[in-house]
Amino acid sequence: MRYWLMKSEPDVYSIADLARDRHEIWDGVRNYQARNFLRSMTVGDRAFFYHSNTKPPGIVGLMEIVKADIVDPSQFDPHSKYYDPKSNPEDPRWRTVKVGYLATFAAGISLDQLKAQFTPEELGVVRRGNRLSVMPVDEAVAAKLLAIAQQGE
DNA sequence: GCCAACGTTGGC
DNA sequence: GCCAACGTTGGC
C-alpha cells in the first residue's frame, strides 16, 4: 500500500464534503505529472487530503483509493470547467480514481507545521513554488504525519 | 524546436 | 490582490 497527497480547494471540494459523500470521483486534474501519479494508484492506497488556497493551508484528513484508473467524466462534459475538447473518447486523455472517506484530523496539520517537520526533499508540498496537486508520500513520512495527526486528537 | 506570451496555481 | 513559479500554446 502506498501513500499520496492530494490537494483540493475547500471552496471547491472539502474534507467535509467527502465526509458527507463518503466517496467521490477525484475529477478535474489537468496536469500530466499529476495524472501519471493518479494512474499509478491502486485500490487500498491511502491519500492525505490537503486543503489549498485557504487559511491555513494544510493536511486535514485521510482517504483511501476505492477504484483505480477510471476515466474522468468531466473531460467530455461541455458544461464542465474541466471540459477538454481535445480529449478523444476512444482514448481519454484524463484518468483518475475514486476516493473514499476515512478520517478528518481533529487538529489538521498546517503548512507551517509541515514546513517545520519536513524538508522539501521529504515532502513535496513544502517545496517552494510547488504546484503539483497529486504527489507520492514516503511511507516513513506518512507514518510521521499519522502520528502528528493522532497527537492532535 | 525555440521561446515569448499567456494562463493557472497557490502562498502570502 | 499580488506575484513567483511554471506549464501550455502558438508563431516562426
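Under my numbering, think of the first position of the first sequence as 1161, with each following residue one higher. Even for Gly, the Cβ is constructed at its ideal location relative to N, Cα and C. A quick note: this is a predicted structure, and the numbers were derived from the prediction, not measured.
- The C-beta distance from V1297 to Y1163 rounds to 4 Å, short enough to meet the 8 Å contact threshold.
- Relative to R1288, the option among S1200, A1302, V1231 and D1272 whose CA is nearest is D1272.
- Within the model, the alpha-carbon separation for L1274 versus D1232 is close to 30 Å.
- Shown here, K1227 sits in a strand according to DSSP, grouped into three states.
- By the Cβ criterion, the segment 1215–1233 is in contact with the segment 1200–1207, since at least three pairs of Cβ atoms, one from each stretch, lie closer than 8 Å.
- Our two residues, A1300 and Y1173, have alpha carbons roughly 28 Å apart in a direct line.
- Within the segment 1271–1308, complete alpha helix (DSSP H) segments of at least 4 residues are found at 1271–1277, given in chain order.
- Put simply, the backbone Cα of P1280 is about 38 Å away from that of H1239.
- If you look at F1208, you'll find it in the beta strand (DSSP E) that goes R1206 to H1211.
- At a Cβ-Cβ threshold of 7 Å, A1266 and G1312 count as neighbours.
- Taking 7 Å as the cut-off, the beta carbon of G1284 is found no closer than this to the beta carbon of G1218.
- When beta bridges are read from the DSSP output, S1168 appears opposite H1211.
- Here V1259 is bridged, per DSSP, to E1184 and I1225.
- Residue nearest to N1191 within the set D1251, S1293 and L1306 is S1293 (criterion: CA-CA distance).
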